[in-house]
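Everything in the sequence shown is counted per the numbering used here, starting at 64 for the first residue and increasing by one.
By construction, the Cβ of each residue, glycine as well, lies at the ideal position given by its N, Cα and C atoms.
Quick caveat, the model's predicted, so the values are computed rather than measured.
Before any comments, here is the structure.
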Amino acid sequence: MSSPGSYREWIKSLIDSGYPNLKFLDDKIMQNPERQDTTCTILSFSHDGDLQGACSASETDFNKATVGKSRRLFILEGLSKEFIEKLGSALDIEPEFFAAHLRATTWEHHDDRSDAVTLPSIRKQTKSWTVQYLECIRLNRKYRLGRTRLIPCKHEFRRLFIRSPHRDQTAYYSVGLVNRFVSFWEKTSSEGNFDAVALVDIPLPANLTFEYDDVRPLEVATTTWLPYGGGFVDFANLDMRRAFARHCPKNSELRNGSVKDSLLWRLRHPELFGYSGDQISPVQLILQRIALSNWTLTIAFLRRDFNSIDLHDLTNEGIPTVQVKETLANLTAYRGLLNRCWLLLRKNLGELNIPAEDNGSGALTAANVNISTELLRLDWEFVWCELRDWIKETDRLVELRLSNLHILDSKRSRDDSERASRDSKRSEQISYSSAQINKLGQILLLIYTPAAFAYGVLSMGGDFLPGNKNFWVFFAIAIPLGALTNILFIIWMRSTQAKRVGTINV
């Protein structure tokens, strides 16, 4: 690979030979125009490890004749075709190093083999790693829960997970967790020199634009943002905190999400962070510490986020069904986010050749190690165990709430059954009362109907009044109706009496 063009041809030949994991790199970076926001900074170090200078990389820095002649670090902020070709050709970097930094999701648009995990025997042959973390940011507006895509990061595919911990917040905002990548590659020489490359993400713009990808057409939103909680914790050595507070820039430079700025400032003040041992370079330690610090803030937020979910809505009898569905959807999205964090951390441990044991290592403690490599491994295992324990606690709390919900549902079913029984008895009583009223009405009808007819005849007046020629009509109607009424009444009384006697004999 003597030229940038041959590096691209090498990538294409690898794709044709059975490396589909490079296809996204070729499609989205190598075949697209140059990006204007990508920068490449080169740092030079003394043999004692001190930072000597920092400047923008020039054409001479990519000359193969300079490889292995000094101690230098290339910081590539963002990815572009130009710098990938120059760095890849000059340093003989495997293309997987750049491809792994591109995308925070599976390669669903290409071959399924592209997301296969690299075997440990192959990983140990490289001196590179790529770790992911979540950067917590405060979105200065209220947004619905969901998974979104960041539009500015078109090539470096990044996700934004929006959460809304509303219970104890006084301001009107949402919290976003942004997928971030940091990668490191190194080649050493027998003289003690090295050439290293650090890939870091571009800081988020002041006006953040993103789109929800769970609806069609895509829903686009734009907002300003701030570091959540003031940003991640720096974790300087305890005995150097006064010096750290005195030298640290205030409020702005280290709080804009720029990993490059954070790395440069820490390399200029190495005494504040206590780098020890010679098994890991200060650059690797700083980059991993930045990722670890963001992970500790993420886990702290995840705890608060879970506690803000109104689980009591599931058992409150006065809550409408719509609100119960919203709570269940919120809980499902939260559990999915926990699973994603779990997978990301597990993948990070694999990249760093740290075994991901579910029961924790337990072999390392801060008291029995004193070199940076083992301390860094201890930090990763600690974050892994913290997330694992919180997932178990979350599942326990959810199962407890669901058990209470089952008990409440059983009680509700029993109450509904008792209520239905009472309603049935009340209906029987109402039916019996209605039957008695109907019988009384029949009696009154038998008695008063003839009288009503007779009164009707008398009320006609004229010839129908007593003493006139048509008065006989009154007797012609009243006497037969009265006799009929008495006969029917006697029959009804006898039948009723017979039914009562039969009931008593039984």
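ask   = Nearest-angstrom Cα distance between residue 220 and residue 478?
value = 54 Å
request  = Alpha carbon to alpha carbon, how far is residue 372 from residue 390? Give it in angstroms, no decimals.
outcome  = 7 Å
query = For residue 197, which of helix, strand or coil comes out of DSSP?
reply = strand
message = In whole angstroms, give me the CA-to-CA distance for residue 25 and residue 166.
response = Because the chain is modelled from 64 through 569, residue 25 falls outside the range shown and cannot be assessed.
inquiry  = So if DSSP puts residue 270 in a beta bridge, which residue, or which two residues, is it bridged to?
reply    = 287
task = Spell out the partners DSSP gives residue 119 in its beta bridges.
result = 104
query = Who are the near neighbours of residue 312 in its chain, counting only those whose CB is closer than 8 Å to its CB and skipping five residues on each side?
reply = 328
query = In this structure, what does DSSP give as the bridge partners for residue 251?
reply = 257
task = Pull up the distance between the alpha-carbon of residue 103 and that of residue 346, whole angstroms please.
result = 16 Å
message = Tell me the residue span of the alpha helix (DSSP H) that contains residue 159.
response = 159–162
inquiry  = What does the alpha-carbon distance come out to for the pair residue 407 and residue 460?
reply    = 23 Å
query = With distances taken from CA atoms, which of 224, 93 and 374 is nearest residue 464?
reply = 374
ask   = residue 292 and residue 404 look like a contact to me (Cβ under 8 Å); what is the Cβ gap, rounded to whole Å?
value = 17 Å between Cβ atoms; not a contact.
inquiry  = Using DSSP's beta-bridge definition, name the partner residues of residue 346.
reply    = Paired residues: none, contrary to the question.
request  = Identify the continuous beta strand (DSSP E) that holds residue 390 and give its terminal residues.
outcome  = Counting along the chain, residue 390 falls outside any beta strand (DSSP E), though it belongs to the alpha helix (DSSP H) covering 384–414.
ask   = How many Å lie between residue 261 and residue 132 at the Cα?
value = 19 Å
ask   = If residue 194 sits next to residue 411, beta carbons under 8 Å apart, how far is it from one beta carbon to the other, in whole angstroms?
value = 4 Å
key: For residue 476 and residue 558, the rounded distance between their alpha carbons   = 46 Å
request  = May I ask you to report which of helix, strand or coil DSSP gives residue 237?
outcome  = strand
query = When you compare only the Cα positions, how much space is there between residue 101 and residue 222?
reply = 20 Å
request  = To the nearest angstrom, report how far apart residue 161 and residue 456 are at their CA atoms.
outcome  = 37 Å
query = So, is residue 145 buried or exposed, given that buried needs 16 or more other C-beta atoms within 10 angstroms?
reply = exposed
query = Are residue 263 and residue 197 close, meaning C-beta to C-beta below 9 Å?
reply = no
request  = Measuring alpha carbon to alpha carbon, tell me which of 214, 392 and 325 ends up nearest residue 227.
outcome  = 392
query = Candidates 288, 495, 181 and 547: which alpha carbon is nearest residue 163's?
reply = 181
task = Measure the Cβ-Cβ separation of residue 259 and residue 344 and say whether it is below 9 Å.
result = yes
ask   = For residue 89 versus residue 75, is the C-beta spacing smaller than 9 Å?
value = yes
request  = From the DSSP output, in three-state form, read off residue 466 for me.
outcome  = helix
inquiry  = Measuring only the C-alpha atoms, how far is residue 204 from residue 451?
reply    = 31 Å
Every unbroken beta strand (DSSP E) inside the segment 433–461 [3 residues or more] = none
message = What does the alpha-carbon distance come out to for the pair residue 211 and residue 401?
response = 17 Å
key: Proximity of residue 236 and residue 202 at Cβ, strictly below 9 Å   = yes
task = List the residues that DSSP assigns as beta-bridge partners of residue 548.
result = For residue 548, which the question treats as bridged, DSSP gives no partner whatsoever.
task = Tell me residue 137's beta-bridge partners as DSSP assigns them.
result = 105 and 260
inquiry  = Mapping the DSSP letters down to three states, classify residue 209 as helix, strand or coil.
reply    = strand
query = Looking at the unbroken beta strand (DSSP E) that takes in residue 224, where does it start and where does it end?
reply = 222–226
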